[in-house]
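The opening position of the sequence shown corresponds to residue 8 in my numbering, with each subsequent residue numbered one higher.
A virtual CB, placed ideally from N, CA and C, is assigned to each residue, including glycine.
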Amino acid sequence: MKPLTLIKQAAGLADRAITAWVNPREYMAQISQIETAAKKARELCAPFAKAQAEAEMSRPRPKQEEEGE
């Protein structure tokens, strides 16, 4: 699946959750759908979070000067 497709799906799921959250009756009626949407959004975003974490770990760190020199 293409990254843009994953992002669009996650955004759509988040939008549904927010819409239901604003309206308490809608929220109560769709609580299981919201939980499912949140789980799906986490699954869709996981590859990006992993790639970002790996990129940050492989980025060279600036050398800190030792004290006393």
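Spatially closest choice to residue i from the options, by CA coordinates
i: residue 24; options: 60, 57, 44; result: 44
i: residue 14; options: 70, 65, 29, 52; result: 52
i: residue 16; options: 64, 38, 50, 31; result: 50
Buried or exposed by the 16-neighbour rule on C-beta atoms within 10 Å, applied to residue i
i: residue 41; result: buried
i: residue 18; result: exposed
i: residue 20; result: buried
i: residue 48; result: buried
Return the chain-ordered ranges of every alpha helix (DSSP H) run that is complete within the stretch 34-74 and spans a minimum of 4 residues. 38-65
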